[in-house]
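Peer 1:
Residue numbers (the working numbering), protein chains in the order written: chain A, 511 to 770; chain B, 38 to 368.
#1: Is the number of C-beta pairs between the segment 591 to 599 of chain A and the segment 635 to 647 of chain A that are closer than 8 Å three or more?
#2: Quick one: using the 10 Å Cβ neighbour count with 16 as the cut-off for buried, is residue 690/A buried or exposed?
#3: In chain order, what residues of the same chain lie with their CB nearer than 8 Å to the CB of residue 345/B, ignoring the 5 residues before and after it?
#4: Got a sec, what are the start and stop residues for the beta strand (DSSP E) residue 587/A sits in?
#5: Looking only at C-alpha atoms, which of 534/A, 715/A, 663/A and 761/A sits nearest to residue 733/A?
#6: Please decide whether residue 159/B counts as near chain A, where near means a Cβ-Cβ distance under 9 Å.
#7: Would you say residue 527/A touches the ligand PLP, meaning its beta carbon is less than 8 Å from a heavy atom?
#8: In this structure, how does DSSP classify residue 86/B when only helix, strand and coil are distinguished?
#9: Would you grab the beta carbon distance between residue 702/A and residue 757/A for me? Rounded to a whole angstrom, and I think it's under 8 Å.
#10: Taking the straight line between their C-alpha atoms, what separation do you get for residue 146/B and residue 130/B?
#11: Could you check if residue 259/B is buried or exposed, using at least 16 other CB atoms within 10 Å of its CB as the buried criterion?
#12: Across the segment 320 to 329 of chain B and the segment 265 to 277 of chain B, are there enough close Cβ pairs to call them in contact, namely three or more that are closer than 8 Å?
#13: Let's see if you can read the secondary structure: which residues bound the alpha helix (DSSP H) around residue 234/B?
#14: Excluding the 5 residues flanking residue 127/B on each side, which residues of the same chain have their C-beta closer than 6 Å to its C-beta?
#15: Using a Cβ cut-off of 9 Å, which residues of the segment 85 to 99 of chain B contact any Cβ in chain A, in chain order?
#16: Would residue 185/B pass as a contact of residue 289/B if the rule is Cβ separation under 9 Å?
#17: Flag residue 616/A as yes if its beta-carbon sits less than 9 Å from any beta-carbon of chain B, otherwise no.
#18: Can we say the segment 185 to 195 of chain B touches the segment 235 to 251 of chain B, given the rule of at least three CB pairs closer than 8 Å?
#19: Alpha carbon to alpha carbon, what distance is there between residue 710/A and residue 243/B?
#20: Just list the residues that DSSP pairs residue 554/A with in beta bridges.
#21: Against chain B, does residue 602/A count as a neighbour if the rule is that its beta carbon must be under 9 Å from one of theirs?
#22: For residue 681/A and residue 99/B, I'd like the C-alpha separation in whole angstroms.
#23: Does the distance from the C-beta atom of residue 163/B to that of residue 304/B stay below 9 Å?
#24: What does residue 586/A reach in chain B if we use C-beta pairs closer than 7 Å?
#25: Please tell me whether residue 623/A has its Cβ less than 9 Å away from any Cβ of chain B.
#26: With the cut-off set at 9 Å, would you say residue 672/A and residue 595/A are in Cβ contact?
#27: Determine, for residue 549/A, whether the minimum Cβ-Cβ distance to residues of chain B falls below 9 Å.
#28: Would you please verify whether the beta carbon of residue 352/B is less than 9 Å from any beta carbon of chain A?
#29: Out of 609/A, 528/A and 750/A, state which residue places its alpha-carbon closest to the alpha-carbon of residue 549/A.
#30: Taking 9 Å as the cut-off, decide whether the C-beta atoms of residue 572/A and residue 679/A are in contact.
#31: Could you pull the start and end residues of the alpha helix (DSSP H) that residue 148/B belongs to?
#32: Could you name the residues that DSSP lists as bridge partners for residue 533/A?
#33: Who does residue 671/A pair with in a DSSP beta bridge?
#34: Just the Cα atoms here: how many angstroms apart are residue 670/A and residue 580/A?
#35: Is there a C-beta anywhere in chain A that falls below 9 Å from the one on residue 276/B?
#36: So, is residue 612/A buried or exposed, given that buried needs 16 or more other C-beta atoms within 10 angstroms?
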């Protein structure tokens, strides 16, 4: 009973992101490639949504559209004036800046005064447990540390919606599991809305309030799964595995379609 | 008790009450899953303290430890091969002189040339010639940097411009600068402007090419990240594209300097302005008066300037690579 009440309460909160009938095609004529085809979904403020799909489902295209660095061919994306931060599998830190310099850059671009910038960067680096490492250059940090700097940088954009494109895809399992815990903690502390793209089903179930499964070529919403497992979850917990299996079966059916 | 929970898990009571039919509800798989604390109380879920400690441990293990060499040893390691090379060169030169291949007044030994240089450096004329040459080099190079950068950015940015003049820049670069002098002398007579004209024409194409390829090779991801941070237009160039392109721009600047210096030396030999002594005009004078010792002394000066400027560029390059983690321990 309580579960139902919770869901109702959550639905009543503001919608942070509305993706409405969005299509995106590249090229024209015979070479025309439809990456996304009438994709629609809503994300509530403070919700953690995982976008899941095999190759060619237009996950990254969708994130670019949400981040506003690309425009849909059709349909609308509403963020209600919210700021969108992006994070990639490659930390994409600028090698000519220190860790702190990378975190400060979005603030600098918004004209935040130097002293304030410093303080905010320190605060954000502490949030990702990298206090005191602000002077390090990206090449001096490990992959997991770089991703955390990248996360801090995304927060420096005062992002209300954080779009993450397979951010932990290139990390070893132990680091990845720890960063799941870290991301969950930061998400809880900041109340940020997260759109997390992954092709790892367990990761999606580990992290998401909801998992949106996309089809491939073109990308459409195949099915949405509510994840009502209590947090914090373990990626190797049996209930996570069970739901992951259900989703994998559905995903496999989707992928098999393309082999015929 | 156990039977009860397992029945509940298989037929979740909330299923029918779901508001959206399209949303699929996960079926809790195992009986113990419905006991909220069950899977979590067994130590699988880490507390914050353990997470932080493990993370700190991983960070410490994965951060590169770099033992720095003492400065003195580093400087010595950088310098002794250079000294050895110079000594070897002087030795070969001396041996050639000893063989008597050419008479002494045509090819003097390194000792004579160096002592001549020593006598020259105490005279004011040498310094005024050196100062004039360096001033021409710096002004000409600075102009070439401005022209090359403006042209480079414009060509990299506007497709039409690239199609129109992109390949001409490389063609211009490969033209020997000396062939511009007849035109330059017709246009400007024997003046400073004639020399500047050729120096800029010689150096600017290399600099422009460095800028163009630098901008072309900026990883698209960097531009994408810059845009999401709100960098647009000029700020995108200043904070993202510029720094990302810098290694290639630096290579272009270095090559541009080499062209500027060559053009300048050619110009000083051809465009001799009365009352304006320069390293080039000293060389030309020495040739006319058959003063081989003085001629070689001037050439040594030109070589030393080349070495100094090159080490300046190398220092900048070294610093850049060290900062970006591309450092090679070659000094």
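Just so you know, even glycine gets a beta-carbon here, dropped at the ideal spot from N, CA and C.
Peer 2: For this structure:
#1: no
#2: Position 180 of the first chain, counting from 1, holds the residue named residue 690/A. Result: buried.
#3: Working through the second chain from its first residue, we reach residue 345/B at position 308. Cβ neighbours of residue 345/B beyond the five flanking positions: none.
#4: One-based indexing of the first chain puts residue 587/A at position 77. Counting along the chain, the beta strand (DSSP E) containing residue 587/A begins and ends at 584 to 588.
#5: By one-based count along the first chain, residue 733/A stands at place 223. Comparing Cα-Cα distances from residue 733/A to each of 534/A, 715/A, 663/A and 761/A, the minimum goes to 761/A.
#6: The residue labelled residue 159/B in the question sits at position 122 within the second chain. Residue 159/B does not count as touching chain A.
#7: Although the ligand PLP was asked about, the structure shown includes no ligands whatsoever.
#8: What you label residue 86/B is simply residue 49 of the second chain in a count that begins at 1. Correct three-state label for residue 86/B: helix.
#9: One-based indexing of the first chain puts residue 702/A at position 192. One-based indexing of the first chain puts residue 757/A at position 247. Incorrect: roughly 24 Å between the Cβ atoms, too far for contact.
#10: Taking the first residue of the second chain as position 1, residue 146/B is located at position 109. Taking the first residue of the second chain as position 1, residue 130/B is located at position 93. Approximately 7 Å, taken between the alpha carbons.
#11: Here the question's residue 259/B lines up with position 222 in the second chain. Buried, because 16 or more other Cβ atoms sit within 10 Å of the Cβ of residue 259/B.
#12: no
#13: Against the second chain, residue 234/B aligns to sequence position 197. Taken as a continuous stretch (DSSP letters only), the alpha helix (DSSP H) holding residue 234/B covers 229 to 253.
#14: Here residue 127/B corresponds to residue number 90 of the second chain, with the count starting at 1. Only 147 meet the Cβ criterion.
#15: 85, 88, 89, 91, 92, 93, 95, 96, 98 and 99
#16: Sequence index remark: in the second chain, residue 185/B carries index 148 (1-based). Sequence index remark: in the second chain, residue 289/B carries index 252 (1-based). Yes; because the gap between Cβ atoms is below 9 Å, this pair is in contact.
#17: Mapped onto the first chain, residue 616/A falls at position 106. Chain B contact via Cβ: present.
#18: yes
#19: On the second chain, residue 243/B is found 206 positions in, with the first residue counted as 1. On the first chain, residue 710/A is found 200 positions in, with the first residue counted as 1. In a straight line, the C-alpha of residue 243/B is about 48 Å away from that of residue 710/A.
#20: In the first chain, the residue the question calls residue 554/A occupies position 44. Its beta-bridge partners are 525/A.
#21: To locate residue 602/A, count along the first chain from 1; it is residue 92. Interface residue, yes.
#22: Here residue 681/A refers to the residue found at position 171 when the first chain is read from its first residue. Here residue 99/B refers to the residue found at position 62 when the second chain is read from its first residue. Each residue's Cα considered, the two are about 12 Å apart.
#23: Here residue 163/B refers to the residue found at position 126 of the second chain. Here residue 304/B refers to the residue found at position 267 of the second chain. Not in contact: residue 163/B and residue 304/B (Cβ atoms no closer than 9 Å).
#24: The sequence position of residue 586/A within the first chain is 76, counting from 1. Ordered by position in chain B, no residue passes the 7 Å Cβ test against residue 586/A, which lies about 20 Å from the chain.
#25: The residue you call residue 623/A lines up with position 113 of the first chain. No, residue 623/A does not count as interfacial toward chain B.
#26: Start at 1 with the first residue of the first chain, and residue 672/A comes out as number 162. Start at 1 with the first residue of the first chain, and residue 595/A comes out as number 85. Their beta carbons are under 9 Å apart, which means residue 672/A touches residue 595/A by this criterion.
#27: Taking the first residue of the first chain as position 1, residue 549/A is located at position 39. False, the Cβ-Cβ gap to chain B never drops below 9 Å.
#28: What you label residue 352/B is simply residue 315 of the second chain in a count that begins at 1. Chain A contact via Cβ: absent.
#29: Here residue 549/A refers to the residue found at position 39 when the first chain is read from its first residue. Nearest of 609/A, 528/A and 750/A to residue 549/A, Cα basis: 528/A.
#30: Here residue 572/A refers to the residue found at position 62 when the first chain is read from its first residue. Here residue 679/A refers to the residue found at position 169 when the first chain is read from its first residue. No.
#31: By 1-based counting over the second chain, the position of residue 148/B is 111. Taken as a continuous stretch (DSSP letters only), the alpha helix (DSSP H) holding residue 148/B covers 147 to 157.
#32: On the first chain, position 23 is the one that residue 533/A refers to. 584/A.
#33: Within the first chain, the letter at position 161 stands for residue 671/A. Beta-bridge pairing links residue 671/A to 594/A and 703/A.
#34: For the purposes of this step, residue 670/A is taken as the residue at position 160 of the first chain. For the purposes of this step, residue 580/A is taken as the residue at position 70 of the first chain. Residue 670/A and residue 580/A: Cα-Cα distance of roughly 19 Å.
#35: Taking the first residue of the second chain as 1, we reach residue 276/B at position 239. So, interface residue.
#36: Residue numbering aside, residue 612/A sits at position 102 when the first chain is read from its first letter. It is buried - the Cβ of residue 612/A has at least 16 other Cβ atoms within 10 Å.
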